[in-house]
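J.: What follows is a single structure, and I will ask about it in a moment.
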Amino acid sequence: MTELRTRYAETADASAAYDEAGGRLRALHARAESRDARLARARRELDRAREPAGALARAQYRAGPRLPAGLRLLLGGASPHEEAVARGPSAPRSPGSPARPAPSAGPRARPRRPAPS
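Number 43 in the UniProt record's numbering belongs to position 43 of the sequence shown; there are no gaps in the numbering.
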């Protein structure tokens, strides 16, 4: 009879441990489902955000670079006009640039205004 009571107590302990483990498993399963739902929502939001971001990137690619002139100059992508402005008036022009206008009477000479009619 003592052995039967011992086996009965062991069975009751094992059953309690099994039930406790089942409860923990259900809690973990609920947490996993909740996180799966949050992940699915985040993925949907990301998918919705990708479309306008992609459209913006395509528009910027088609329009060409929109960097400030100084930054384009530093990166080496400035136009010939911007390079000439950066070099200043005494620097030689690149081949194919239009000829310079004739020099004025002096460095501070102002152009003449037409006489009032």
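By construction, the Cβ of each residue, glycine as well, lies at the ideal position given by its N, Cα and C atoms.
#1: Could you tell me the boundaries of the alpha helix (DSSP H) in which G23 lies?
#2: Could you tell me the distance, in whole angstroms, from the CA atom of G88 to the CA atom of G64?
#3: Indicate the three-state DSSP secondary structure (helix, strand or coil) for G70 in the structure shown.
#4: Taking only the alpha-carbon atoms, compute the straight-line gap between L57 and L74 and give it to the nearest angstrom.
#5: Output the distance between the C-alpha atoms of Y61 and G54, rounded to the nearest integer angstrom.
#6: Which value, in whole angstroms, describes the spacing of the CA atoms of M1 and R7?
#7: Between P52 and L46, what straight-line distance do the alpha-carbon atoms span, to the nearest angstrom?
T.: Walking through what the data contain:
#1: By one-based count along the sequence shown, residue 23 stands at place 23. Per DSSP, G23 belongs to the alpha helix (DSSP H) from 2 to 63.
#2: By 1-based counting over the sequence shown, the position of residue 88 is 88. By 1-based counting over the sequence shown, the position of residue 64 is 64. G88 and G64: Cα-Cα distance of roughly 26 Å.
#3: For this step, residue 70 is matched to residue 70 along the sequence shown. Reduced to three states, the DSSP call for G70 is helix.
#4: For the purposes of this step, residue 57 is identified with residue 57 of the sequence shown, where counting begins at 1. For the purposes of this step, residue 74 is identified with residue 74 of the sequence shown, where counting begins at 1. Checking the displayed sequence, the identity of residue 57 turns out to be Ala instead of Leu. About 23 Å.
#5: For the purposes of this step, residue 61 is taken as the residue at position 61 of the sequence shown. For the purposes of this step, residue 54 is taken as the residue at position 54 of the sequence shown. If I take the Cα positions, the gap works out to 10 Å.
#6: Start at 1 with the first residue of the sequence shown, and residue 1 comes out as number 1. Start at 1 with the first residue of the sequence shown, and residue 7 comes out as number 7. If you draw a straight line from the Cα of M1 to the Cα of R7, it is about 10 Å long.
#7: Position 52 of the sequence shown, counted from the start, is the residue given in the question as residue 52. Position 46 of the sequence shown, counted from the start, is the residue given in the question as residue 46. If you take the alpha carbons of P52 and L46, they lie about 11 Å apart.
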